[in-house]
Structure formats: structure tokens, C-alpha cells
Amino acid sequence: MESDLKPPLAEQIRRSLHLPLPKTLKRLEALHYMSEYKDEPMHNSSILELAKLDFNLLQRLHLKELKALSRWEESAISLPPEYLKNFYLKLISTFKEFEDELKPYEKYCVSFSIKARGKNKNDVASSVEFYISEHGVTSDVAIAKIGSMNEDAWKTTNQSRFELVELFPAVQRVANVSISMWFMYANQKDAFTFSNGLDGMIRCMFVNPIRF
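Each residue of the sequence shown is one higher than the one before, counting from 404 in our numbering.
Below you can see the structure in the form of C-alpha cells.
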């Protein structure tokens with residue numbers, strides 16, 4: 404069947420079978436589609452150029468915001484753009500409250516937020532390392548368990564997208580977090596701790612602009 408399909412449809416189907424569209428990052432899929440769109444018989448070069456320009460402009464904004472948010476401390480409140488300051492403080496407060504409510508053996512669930520505070524990567528345990536320490540299992544078992552937890556979280560969040568239609572914008576933001584976890588722990592890997600495998604994707608989305 405695949406041999407009967409013409410590009411770019413064959414690649415799009417292959418990618419969707421590996422990771423369904425509702426479960427992928429929209430901007431990552433946009434990158435794939437822009438590279439394929441030119442091969443479509445009815446493509447419009449002007450629309451493609453505008454799409455690339457829009458992607459690059461938003462990428463620059465995201466990079467600026469990421470640089471500000473990466474400090475992850477209240478003393479850095481002067482760094483984010485004005486429209487992000489309230490969100491920045493609320494985000495820090497929310498994670499602190501959430502972490503305080505967790506039981507000791509549950510804190511590995513938010514260890515990624517500790518890592519994001521600019522500390523040395525080698526000085527902070529990853530979610531996998533926390534799980535290994537708490538349950539005395541191998542890294543493969545820990546990664547599989549976290550992957551299973553992520554899958555359950557995704558199913559719950561995805562169901563909420565259909566049940567809470569009036570809150571869809573807010574629910575979608577939560578869904579995006581669940582989606583991102585797939586890229587961290589899919590295929591029996593711990594890409595959050597050993598992030599080399601994500602380097603290319605991160606650079607494409609936040610650092611390297613699309614060439615015209």
C-alpha cells in the first residue's frame with residue numbers, strides 16, 4: 404500500500420501511525436508539513452513563505468521568553484517581558500504549592516521543575532533516578548513505569564478536552580505538557596536526563612529559523 408502513495412502523503416501517514424496528530428506538538432508538525440507542502444500539486448508558494456515567516460517571528464519571541472523564564476526565581480522578575488511577569492510569578496508559586504502537597508515518594512513527578520531552575524544538571528536527580536531510589540528498580544523498569552504514568556495522564560487529559568469544551572484553551576495547555584512527556588520517555592529512553600536526543604528538535608523549534 405505504501406508504494407502506491409505519492410509523497411508527501413506516504414510520509415505523513417507513516418508519521419501519524421508512529422505518533423497520531425492529536426498526540427504531537429503542533430509546531431513540530433508544522434515544521435514537518437512546511438517541508439512537505441511544496442511537494443503538493445496545489446501548493447501556494449506565497450502561503451508557504453508567509454507560514455515560514457510567521458514561524459520564525461514566533462520562534463524569536465519564544466526564545467526571548469525562554470531566556471527570561473529559565474532563571475526560575477523571584478529575584479529575576481525584572482527579566483521577563485511585562486506581559487509575562489504575572490504569569491512568571493504565578494508559575495513559580497504554583498509549582499511550589501504543588502510540590503509541597505506531594506508525598507515524599509511522589510516528588511519525582513515534578514523533579515523536572517527543580518532542574519529547570521538553572522541548577523547544575525549533575526547535581527539534581529532526574530525523575531527516573533527518583534523512581535529508582537524510591538522503588539529499588541532498574542532504570543528500564545523506572546522508564547517503563549513513568550512512560551505508563553504519562554500514557555495514563557494523556558488519556559485523562561485527552562478525555563477532558565472533549566468533556567470540558569468550554570475550558571478547552573486551558574485544558575489544551577495542560578494537554579501540551581502531557582504531550583511533551585512522550586518525547587521525554589518514549590521508546591524506553593530517558594531523554595530528559597540524557598537530552599542529546601532532543602537537541603535537534605529543540606534547536607529546530609526554538610533556535611534555528613527556517614531557511615527561505
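All C-beta atoms in this analysis are idealised placements derived from N, C-alpha and C, irrespective of residue type, glycine included.
Inter-residue spacing [alpha-carbon to alpha-carbon] between residue i and residue j
i	j	result
histidine 435	threonine 427	12 angstroms
phenylalanine 498	phenylalanine 615	40 angstroms
glutamate 500	asparagine 447	49 angstroms
arginine 564	phenylalanine 571	6 angstroms
serine 542	glutamate 468	34 angstroms
isoleucine 450	asparagine 459	14 angstroms
glycine 600	lysine 429	19 angstroms
Residue i and residue j closer than 8 angstroms at C-beta
i	j	result
isoleucine 546	lysine 488	no
serine 581	asparagine 611	no
phenylalanine 595	histidine 465	no
leucine 472	proline 484	no
valine 577	leucine 567	no
methionine 437	isoleucine 613	yes
isoleucine 549	tyrosine 588	yes
glutamate 439	glutamine 415	yes
Residue i (DSSP reduced to helix, strand or coil)
i	result
threonine 497	helix
leucine 603	Leucine is not the amino acid found at residue 603; the sequence shown has glycine there. In the structure shown, glycine 603 sits in a helix (DSSP, three-state: H, G or I).
glutamate 468	helix
leucine 453	helix
glycine 550	helix
isoleucine 480	coil
arginine 418	helix
aspartate 442	coil
Among the options, nearest to residue i - alpha-carbon criterion
i	options	result
glutamate 555	Tyr534, Val574, Trp585, Gln575	The amino acid at residue 555 is misidentified as glutamate; the sequence shows aspartate. It is Trp585.
asparagine 590	Gln462, Asp407, Asp503, Val544	Val544
leucine 408	Ala471, Lys429, Ala578, Glu443	Glu443
leucine 492	Ile480, Asp503, Phe458	Ile480
threonine 560	His538, Gly539, Ser583, Val540	Ser583
Any non-hydrogen atom of the ligand MG closer than 7 angstroms to residue i Cβ
i	result
alanine 578	Here there are no bound small molecules, and the ligand MG is not part of this structure.
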